[in-house]
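Asker: Residue numbers (this note's numbering): 31 to 482.
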Amino acid sequence: MFDYDVVYLGSGHACWHGGRILQAAGKKVAFVDGDLTGGTCTNYGCNAKILLDSPFELIDGIERYKNLCVDTVPKVDWKALMNYKREVLKDYPIGLEKIFEGLGMDYFKARGKIVDAHTVQAGDKKITAEYIVIGTGERAKHQEIPGNEYVHDSRQFLDLEDFPKRIVLIGAGVISMEFASMAAKMCDEVFVIQYNDRPLGAYPKKYVDRVVKKLSDDGVKFCFNESAVKIEKVGETFKVTLKGGAVLECDYVFEATGRQANVDGLGLEDVGIEFSARGIKVNECMQTKVPNIYASGDCVDKKIPRLTPTATFESNYIAEHILGKKDPICYPAIPNLVFTLPRIAQVGISLEVAEKESDKYRVEVAPFGKMLLFDALNEPENEFTFIFDKENYLVGAVFYGSEAAYLVNFVTFIINCKITGEQLDKMIFAFPNQTNELLMLLIPMMSGQKLM
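#1: Is it true that the segment 153-162 meets the segment 303-311, where meeting means three or more beta-carbon pairs spaced less than 8 Å apart?
#2: Grab the span of the beta strand (DSSP E) containing K156 for me, first residue to last.
#3: Use the C-beta contact count for M212: other C-beta atoms within 10 angstroms, 16 or more gives buried, fewer gives exposed.
#4: Just to confirm my understanding: we take K57, look at its own chain, exclude 5 residues before and 5 after, and list those with CB closer than 7 Å. What are they?
#5: Tell me the DSSP bridge mates of I310?
#6: CB-CB under 8 Å to K319, same chain, minus the five flanking residues each way: which ones, in chain order?
#7: Any idea what DSSP makes of G451, helix, strand or coil?
#8: Given that a residue counts as buried once 16 or more other Cβ atoms are within 10 Å of its Cβ, and exposed if not, what is D294?
#9: What are the boundary residues of the beta strand (DSSP E) that includes G431?
#10: Leaving out five residues before and five after Q53 in sequence, what residues of the same chain have Cβ atoms less than 6 Å from its Cβ?
#11: Answer yes or no: does any C-beta atom of chain D fall closer than 8 Å to that of G426?
#12: What residues match up with V37 in a beta bridge as DSSP calls it?
#13: Which partner residues of L298 appear in the DSSP bridge assignment?
#14: Helix, strand or coil: which one does DSSP assign to K483?
#15: Quick check: D331 and T158, are their CB atoms within less than 8 Å of each other?
#16: K247: which of L371, T338, Q464 sits nearest, CA to CA?
#17: For the segment 231-248 against the segment 373-387, do three or more pairs of beta-carbon atoms, one drawn from each stretch, fall closer than 8 Å, so that the two count as touching?
#18: I'd like the span of the beta strand (DSSP E) that includes D146, first residue to last.
#19: Rounded to the nearest angstrom, how far is the Cβ of G165 from that of G327, given a contact under 8 Å?
#20: Counting along the chain, where does the alpha helix (DSSP H) carrying E208 start and finish?
#21: Please report how far the alpha carbon of K244 lies from the alpha carbon of K105, in whole angstroms.
#22: Who are the Cβ neighbours of K323 in its own chain at under 6 Å, not counting the five residues just before and after it?
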């Protein structure tokens, strides 16, 4: 007889969503987590990022009307914003713990370690379970260079007391480019170091180039085909030496060049679970080499995007698998976006694949900002790209613009449900807004018509 039906290592989105499904089905569930309840996204990542980003997004929108009908553009009071962020987020872990308690799910505030296939060491206590689910996430990984002790990661950046006047960001991936968009409105000097000439490699180059140009126009200096080889602290200043010999002076050094799975010290090797810095190996049912032990979320070695929604999806799937549903996991089209200013969002078949396989796909570009500037919030570069298969089903889309996050979620329904233009044309949507205008462009294309 086990203490629990299911024990989770972790308490973030990769864990608690499935835990609620299992608890509702009558299973006895427990969580083991030595960090703040709710995991990275809730406490140190997505929630903090979008909260801090929001005023910058508003200011970016106001700037588009400067000298047109707006005289003064406000500035962000970072200290006040940070106090607001802390006040808003401080109760989230407590709230989750109350939910767990109210549902009858136990919570152990301790770092967990797997002792055997059915036993977890939770601090000084051993607990047993029929199933174990690992959802420990990942953490920042830093380069091994002299002075890397002076480097900060996203968790630290999102809790900054005072915004630095001069900042160096190492890496030009999603996190660095998002932070650069904020820093461009706060700093006297912003440097972005990238080892090649391709920032945001997962997104279409033509839209990335537009983001780079806008940031450059806002004063951000990009150091492409470069890398940091040494960081020195001189008084209150930091000196970052580049491979090419240049030295950048700043007040704060940030690095986002990669992340690694939180798998150390979990006892995985002792029970025969395969893993690496990329994560835990699982099969098509999210099971490890030990069938009653699953892994979910960012700690999994996978090609699927490591996103909060995918962690939630996997958590829900694992719960259903434990309850008897034995079909392999099948991911729908997954939208993703980068919170630069403007945003880039995409879903489904990528633009790169569509252009390479032109015999299978049709690509249509709608220069929305040039066609309907007033509806595009005075954003002339605003653009939609649609990808259709040979049967004229929408199978992919890319959006560049301030409303990209909302538009990509809207078309995700169309893609996953295989909704036709004829079906959409029988619906009535709120007007005027970008979603309605998107449909006015999209519906004719879904019957094979070309936009231009």
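In this text, a Cβ means the ideal position worked out from N, Cα and C, and glycines have one as well.
Answerer: Working from what's here:
#1: no
#2: 155-164
#3: buried
#4: D35, V36
#5: F305, V330
#6: G302, I303, E304, K311
#7: helix
#8: exposed
#9: 424-431
#10: V59, L133, M135
#11: Among the chains of the structure shown, chain D does not appear; only one protein chain is present.
#12: A60, I162
#13: In the DSSP output, where bridge partners are listed per residue, L298 has none listed.
#14: Because the chain here runs from 31 to 482, residue 483 falls outside it and cannot be looked at.
#15: no
#16: For clarity, residue 247 is Asp in the given sequence; the question names Lys instead. If we check each option's Cα against that of D247, L371 comes out closest.
#17: yes
#18: 142-146
#19: 5 Å
#20: 204-213
#21: 18 Å
#22: Residue identity check: residue 323 is Ile in the sequence provided, not Lys. Excluding positions up to five away in sequence, the list reads I162.
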